[in-house]
Every structure is written in structure tokens, then in C-alpha cells.
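To keep things clear, I will list the structure first and then write my remarks on it.
Numbering (the numbering used here), first residue to last: 1 to 449.
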């Protein structure tokens, strides 16, 4: 078979592609939202609140939906999580709030907290309401590096408190992972930019695009020119397989391909193989595998070196992959990439197992999978080089990320950090909480100066 036959664009028609990349979650209408809200027990000391990284008063906003006070519900949500609209779509609620729901233990069917959160926030956004009023200007200036969830959450809270905020973003659009790194069927691009516009609508915020730390701006200059700095750069590096042939045509980085897919309005223009292999076990592996199927790939296989319980992707994500026709093979790791006529042809794997000490070992048994395309989805890493501080005070790191305290304060005076660049869960909701906590700490510091 020719290369054109193995890797090609336009495998599916425009109408089918439109269906495949439409919003995967059907939103609740008013009637269904009221019915679902009526199921809530409105628990005292509700476990769902404890399970929410941003501490949203979940029974409180659900009660407001039940009484048809949808605006009040949205304000309750956004007051704790300014990106509550995006989080309603991407949060792994199955291991957070909905997992802790009392209904889950009684009926194995928790309240649809995520869907109700979306119902309320979408209602507000559709009406283009701005419920937050900025405090009088304090005259203090804060620099935020990165317009992702952490940076935007920090900037909004600082603006709310009356500070002037300048966000420096290396890319041409704001939104970070929500704009560039999440499956297109989960969060449509137009929603991301509408949410960004809502956040900027409070005033006192400006974004300078195309400004990368270490290239166009430096940390030392930001510390000199601003009263405080927040770092929310995310993870810029991707892990390698460290195998011969990794740079063969057909071997691709999953993160980069997802970015292309999200920014391409004509999904049919993207080339995809007939037989796709994905290496990895996290959400990125699931996202690229499912989207490969939805682009028209015939056979898509995820291969992960450990078992299903070890995968970074939740059971819900794993099930989504399988119901979309993706095969998941566990307990195997890649050994060799085999080429034919200068292109990837197949991947050789070796089965793995855990020894008596729980360490991953090889069994010696091998198998191969034919592959026109292979996506690497084995994790991202933090690139610290742009943080060079000119030999001044050292910025401390732990586990390859920026070390922070409970207030998200770094080892440098006047510098805070949050999101994926600091230790913790790589979740949008966690990044939002980091930005919020840092903003409150920055506000207290600036007011006491």
C-alpha cells in the first residue's frame, strides 16, 4: 500500500467529521436541570465540597438552580472558580465531587454536578452578564506569566481586588491547555475564547501576546518593573521514548498533534493513518486515540506498560476510548520502531509484569503491531531554562518543578507560581485554585507593604 493510502486526509466526509467533533456532552435543559437539582440532599458539611479543589459550595448552587435562581448559582460557582464553565466540561468529576456524592453510595448514581455547573455557567455566558465589580485601583502592578487556567485565575482575582495586571503569553491566544491541549469534542474553541473574554471583562487586565519568558522578557526584569510576579507557564517539554527510529516519518508527538487539531477549522485537512498506535496511559493518550478514530483511522491501539488501575486516565476516560472503538493493551512497553522505505511500518513491544517487590520487569515475550502512525503520549515536563535569574537569588525546584508553599509563594521574594509548573495534580481545576490562592496571598502582601 502506498504512503498516500496509509496516511491521508479526507478519510471522512465533512458532515461526519462535524458530528464526530461536536460537543460530546449534551447540556441539560431547564426541565432536566430542575429534576436533577431536586435529587440533591443539600448535605450539611457536604462531602462534595471537600472533594472540589476550588471549594465551590455545590449544594448552595444546586439549591439556587432548584429555585430557578440560575444567575445566583453561576455567581456562586464563579466566585470560587472563575473558570467554572471550562471545569464543568473537563473536570474528572467521577473521581472528585461526584465520587463523593452521598447519592453515589446509595444509588450508584450521583448528582450530575458537572452538568448542573455547566447549565448555570452557560446560562450566564449566553446572556453576556458580568456579575463581578472591580475594586478601586490600588496603584499596584502585577505581572502574570502565562494565560492558561492558573494565570487567568490569578489575574482575575488580582483585578477584582483593584490591582493592575499584565499577562505575558507566548502563544497567539489565551486559554493555555483549554485552548491548545484538550480534545476538541470536550471544549469547543469558541467556548474557550468566550470564557477568556468574560474573565478579561472585569477590567484592569491586559494580555501581551508573543511574549515568552527567557526570550522576550526575563524574570529579573519583571521583578524590577512590577510589584509582584506570578508564574503560570505550564509544561513546555514532552518526554521522549528514547528509541531508535523515534524521528521516523509517522512518529508524532501527541500534544503537538492535538494542538494542530484544535486550531484547524477544517478537521478533514489533517492527515491520519489507517493503523494508529498510541504509547501512554494518561488523558492525552485517550484524547489522541479517540480523536484519531474520529478522524477516520481504522485501527487505533493504546499500549500502556502497566495495568488499567495504574493509568493516569480515569476509568471514565478509558471507557470512552473503548466505546469509540479504541483497543487498550496493558502490560507492554515499546522496544523498537521498524521502518520500511524510510517510514514507520511497525512497532515491537515486550510484555511486562510486576515482580515480588512491585517493580516493573520484562517477561521476554514480544509482539509487534503494524502502525502507519505512532503518537507519543508519555507525559510532559517542565522546562526551567527560561527562569534564569542572572545569577541572583536561586529559584528552588522540587521534582523538576517550582517549589512553592501553601500560598503558592516561591523561594524568590515577590514571586508566586501555580498550575502545572508546580508540584500537584495536573488538572485545570487545580491550576485555577493555585492562581486564586496566589492572588489572595499577593493581595495581602501588597496591601501590607
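We treat Cβ as the ideally placed atom computed from N, Cα and C, and that holds for glycine.
* To do: Could you check the C-alpha separation between residue 109 and residue 103 for me, to the nearest Å?
  => 6 Å
* In whole angstroms, what separates the C-alpha of residue 451 from that of residue 412? -> No answer is possible for residue 451: the residues shown for the chain start at 1 and end at 449.
* Asked: Helix, strand or coil: which one does DSSP assign to residue 237?
  -> strand
* Taking residue 114 as part of the alpha helix (DSSP H), name the residues at either end of that continuous run. => 113-126
* Asked: According to DSSP, what are the bridge partners of residue 303?
  -> 279, 329
* CB of residue 53 within 8 Å of CB of residue 403, strictly -> no
* From residue 448 to residue 441, what distance separates their C-alpha atoms? -> 11 Å
* In angstroms, rounded to a whole number, what distance separates the CA positions of residue 153 and residue 226? -> 19 Å
* From what residue to what residue does the beta strand (DSSP E) around residue 448 run? -> Premise fails: residue 448 lies in the alpha helix (DSSP H), 428-448, not in any beta strand (DSSP E).
* Going by the CB atoms, is the gap between residue 177 and residue 277 shorter than 8 Å? -> no
* Asked: Expressed to the nearest angstrom, what Euclidean distance is found between the alpha-carbon atoms of residue 461 and residue 368?
  -> For the chain, the structure presents residues 1 to 449; residue 461 sits outside this window and is missing.
* Helix, strand or coil: which one does DSSP assign to residue 247? -> coil
* To do: Spell out the partners DSSP gives residue 253 in its beta bridges.
  => 376
* Return the CA-CA distance between residue 245 and residue 339, expressed in angstroms with no decimal places. => 8 Å
* What is the DSSP secondary structure of residue 180, counted as helix, strand or coil? -> helix
* **residue 343 versus residue 359: straight-line alpha-carbon distance, rounded** => 34 Å
* According to DSSP, is residue 82 helix, strand or coil? -> coil
* Proximal residues to residue 251 (C-beta, below 6 Å), its chain only, five neighbours per side dropped -> 344, 374
* Nearest to residue 186 by CA position, among 27, 407, 410, 377, is which residue? -> 27
* Asked: Thinking C-beta only, is residue 118 closer than 8 Å to residue 85?
  -> yes
* **Span separating the alpha-carbon of residue 136 from that of residue 162** => 5 Å
* Rounded straight-line distance, which links the Cα of residue 337 to that of residue 8 -> 21 Å
* Asked: Measuring CA to CA, which of 138, 130, 384 is closest to residue 231?
  -> 384
* Do the CB positions of residue 97 and residue 40 come within less than 8 Å of each other? -> no
* So which of 134, 381, 20, 60 has the shortest CA-CA distance to residue 255? -> 381
* To do: Inspect the beta-carbon positions of residue 148 and residue 259 and report whether they are closer than 8 Å.
  => no
* When the Cα atoms are used, what is the spatial distance from residue 81 to residue 268? -> 35 Å
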